[in-house]
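Visitor:
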Amino acid sequence: MKRHQTIPAHLRYTISDFNRQFPTDDACIEHLKEQRFPGGLVFCETCQGDRKLHRVKGRPVYACDECLTQFSPMAGTIFEHSSTSLRLWYYAMYLMASTRCGISAKQIQRETGVTYKTAWRMFRQIRSLLSEPDTQLEGLGVEMDEMYVGGKNKHGKRGMRGRDNDEKTPVFGMVERGGKGRVMAFVTPDVKAATLFPIIAERVLPQSTVFTDEYSVYDQLGKHANCYEHKRIQHKQNIYVTGDVHTQTIEGFWSLVKRGIGGVYHSVSRKYLQTYLNEYSFRYNRRDQGNLIFNAILKRVSERVDSPLVSKESGNPVAQ
Ligand SMILES: [Zn+2]
Numbered sequence: 003m004k005r006h007q008t009i010p011a012h013l014r015y016t017i018s019d020f021n022r023q024f025p026t027d028d029a030c031i032e033h034l035k036e037q038r039f040p041g042g043l044v045f046c047e048t049c050q051g052d053r054k055l056h057r058v059k060g061r062p063v064y065a066c067d068e069c070l071t072q073f074s075p076m077a078g079t080i081f082e083h084s085s086t087s088l089r090l091w092y093y094a095m096y097l098m099a100s101t102r103c104g105i106s107a108k109q110i111q112r113e114t115g116v117t118y119k120t121a122w123r124m125f126r127q128i129r130s131l132l133s134e135p136d137t138q139l140e141g142l143g144v145e146m147d148e149m150y151v152g153g154k155n156k157h158g159k160r161g162m163r164g165r166d167n168d169e170k171t172p173v174f175g176m177v178e179r180g181g182k183g184r185v186m187a188f189v190t191p192d193v194k195a196a197t198l199f200p201i202i203a204e205r206v207l208p209q210s211t212v213f214t215d216e217y218s219v220y221d222q223l224g225k226h227a228n229c230y231e232h233k234r235i236q237h238k239q240n241i242y243v244t245g246d247v248h249t250q251t252i253e254g255f256w257s258l259v260k261r262g263i264g265g266v267y268h269s270v271s272r273k274y275l276q277t278y279l280n281e282y283s284f285r286y287n288r289r290d291q292g293n294l295i296f297n298a299i300l301k302r303v304s305e306r307v308d309s310p311l312v313s314k315e316s317g318n319p320v321a322q
């Protein structure tokens, strides 16, 4: 792929690197175990002590050296109830991390040989790891803007129209100027001040400079309790940049999203739009990491676990 040539060597992670690091299911299990129980150490609730784990032969679980309570690295992760091999999961994550514009479930199906239904499920699960709920925007200022995403119409064209169109799903986005240049985007029920201002207050530090266009919903932003300095660009007068006053960074992000939705995902239902936005934001916020973004996705697996570490399948007492 041509694009790979533009990634600096130290940020490159090729398919050979992947095959070398993860040649088998066992290598993936071992990797996941290290993520969740670094050094193979765990506090065993059953026998109440810091214990070492050993692999249980022939099964994707580990056991406490002292009391044999079993620990599954997959418990609570997106892999937990899946019959798809762990290596295929890893490969799907690798694929998702290795394209700039994202790939479709169809491509995952083609590349991995799983059924479309399985590919779609894997795709959704992996994307569910990519939200960034705690991010606060800093930098020299924050641009904000809304856009509308529509599904396919009868003529197969995807619409991205302006405000006041009920059939379109509104999306609100903000991006940092300078600093890390991070973006965040949200599906919102509407674009009223009562909806957008709480999102802004939660994510943008007080006294930040905020840049918007002239849309009336932003009128009160300069009077917000967070003391924002509000600068606006007059798009209606065909002015798009005045000094540092513009919203071109967030608009650039919108065009990435639109291209992605149009070119890769074909159509997006309202139900899944937020996860698409999460994926695009995750990628955009790590755009200087080349395809080491794969590591960032792998790390999310163990950061986002939702149940105890102990294997539910084990016949041993379950430590809670
Ligand atoms: Zn134990």
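Counting in the numbering used here, the sequence shown runs from 3 upward without gaps.
Glycine included, each C-beta is placed from N, C-alpha and C at the ideal position.
From Gly254 to Arg123, what does the alpha carbon distance come to, in whole angstroms?
Guide: The straight-line gap from Cα to Cα measures roughly 30 Å.
Visitor: Span of the alpha helix (DSSP H) holding Lys59?
Guide: Looking at the DSSP string, Lys59 is not in any alpha helix (DSSP H), and its letter there is neither H nor E.
Visitor: I believe Arg53 touches Tyr64 by the beta-carbon criterion, under 8 Å. Please report the beta-carbon distance rounded to the nearest angstrom.
Guide: So it is not a contact: roughly 10 Å between Cβ atoms.
Visitor: Check whether the Cβ atoms of Leu13 and Asn287 sit closer than 8 Å, and answer yes or no.
Guide: Result no, Cβ atoms of Leu13 and Asn287 do not sit closer than 8 Å.
Visitor: Using the beta-carbon count (16 or more within 10 Å), is Leu207 buried or exposed?
Guide: That one is exposed.
Visitor: For Thr244 versus Asp147, is the C-beta distance shorter than 8 Å?
Guide: No, the Cβ-Cβ distance between Thr244 and Asp147 is not below 8 Å.
Visitor: Applying the criterion that 16 or more other CB atoms from any shown protein chain within 10 Å of the CB defines a buried residue, is Arg129 buried or exposed?
Guide: Result: buried.
Visitor: Can you tell me whether Glu68 is buried or exposed? The criterion is at least 16 other CB atoms within 10 Å of its CB, across all chains shown.
Guide: Per the 10 Å Cβ criterion, exposed.
Visitor: Ordered along the chain, which non-local residues of its own chain (more than five positions away) have a Cβ less than 7 Å from that of Glu82?
Guide: Cβ within range, chain order: Met76.
Visitor: Going straight from the alpha carbon of Ile9 to that of Gly183, what length do you get?
Guide: The straight-line gap from Cα to Cα measures roughly 19 Å.
Visitor: What do you reckon, are the CB atoms on Phe24 and Tyr118 nearer than 8 Å?
Guide: It is not a contact, given that the beta carbons lie outside the stated cut-off.
Visitor: Looking at the strands, I want to know which residues DSSP matches up with Lys233.
Guide: In DSSP, Lys233 forms a bridge with Phe213.
Visitor: Report the rounded CA-to-CA distance for Tyr274 versus Ser283, giving the unit in angstroms.
Guide: If you take the alpha carbons of Tyr274 and Ser283, they lie about 14 Å apart.
Visitor: Is Leu131 near Glu113, with beta carbons less than 8 Å apart?
Guide: No; because the gap between Cβ atoms is not below 8 Å, this pair is not in contact.
Visitor: For Thr16, tell me which candidate among Asp308, Ile295, Ser304 and Val303 has the shortest Cα-Cα distance.
Guide: The option with the nearest alpha carbon to Thr16 is Ile295.
Visitor: Roughly how many whole angstroms lie between the Cα atoms of Pro135 and Arg89?
Guide: Going from the Cα of Pro135 to the Cα of Arg89 covers about 28 Å.
Visitor: Can you name, in chain order, every residue of its own chain whose Cβ lies under 6 Å from the Cβ of Tyr278, other than the five neighbours on each side?
Guide: If we look at Tyr278 and ignore the five residues flanking it on each side, its Cβ neighbours are Val270.
Visitor: Express the C-alpha separation of Leu43 and Cys49 in angstroms, rounding to a whole number.
Guide: Roughly 14 Å between the two C-alpha positions.
Visitor: Leu90 lies in the alpha helix (DSSP H); which residues open and close that run?
Guide: Here the alpha helix (DSSP H) through Leu90 covers Leu88 to Ala99.
Visitor: Report the residue from Asp28, Phe199 and Phe45 whose alpha carbon sits nearest the alpha carbon of Leu70.
Guide: Of Asp28, Phe199 and Phe45, the residue nearest in Cα terms is Phe45.
Visitor: Just the C-alpha distance for Tyr150 and Ser257, rounded to the nearest angstrom, thanks.
Guide: Between Tyr150 and Ser257, the C-alpha separation is close to 12 Å.
Visitor: On the CB-based measure, 16 or more other CB atoms within 10 Å of its CB, does Glu204 come out buried or exposed?
Guide: Label assigned to Glu204: exposed.
Visitor: What residues does ligand 1 have around it, judged by CB closer than 6 Å to any heavy atom, in chain order?
Guide: Taken from the N-terminal end onward, the list reads Cys46, Thr48, Cys49, Arg53, Cys66, Glu68, Cys69 and Thr71.
Visitor: Confirm, please, whether the CB-CB distance from Val185 to Gln276 is below 8 Å.
Guide: No; because the gap between Cβ atoms is not below 8 Å, this pair is not in contact.
Visitor: So what does DSSP say about Asp290, is it helix, strand or coil?
Guide: It is helical.
Visitor: Please name the residue, chosen from Arg22, Arg38 and Asp221, that lies closest to Ala196 on a Cα-to-Cα basis.
Guide: When only C-alpha atoms are compared, the closest one is Asp221.
Visitor: Label Ala121 either buried or exposed according to how many other C-beta atoms from any shown protein chain fall within 10 Å of its C-beta, with 16 as the threshold for buried.
Guide: So Ala121 counts as buried.
Visitor: Out of Gln127, Thr26 and Gln111, state which residue places its alpha-carbon closest to the alpha-carbon of Ser84.
Guide: For Ser84, the nearest C-alpha among the options comes from Gln127.
Visitor: Quick one, are the C-beta atoms of Val193 and Val219 less than 8 Å apart?
Guide: For Val193 and Val219, yes; Cβs fall inside 8 Å.
Visitor: Three-state secondary structure (DSSP) at Gln138?
Guide: Correct three-state label for Gln138: coil.
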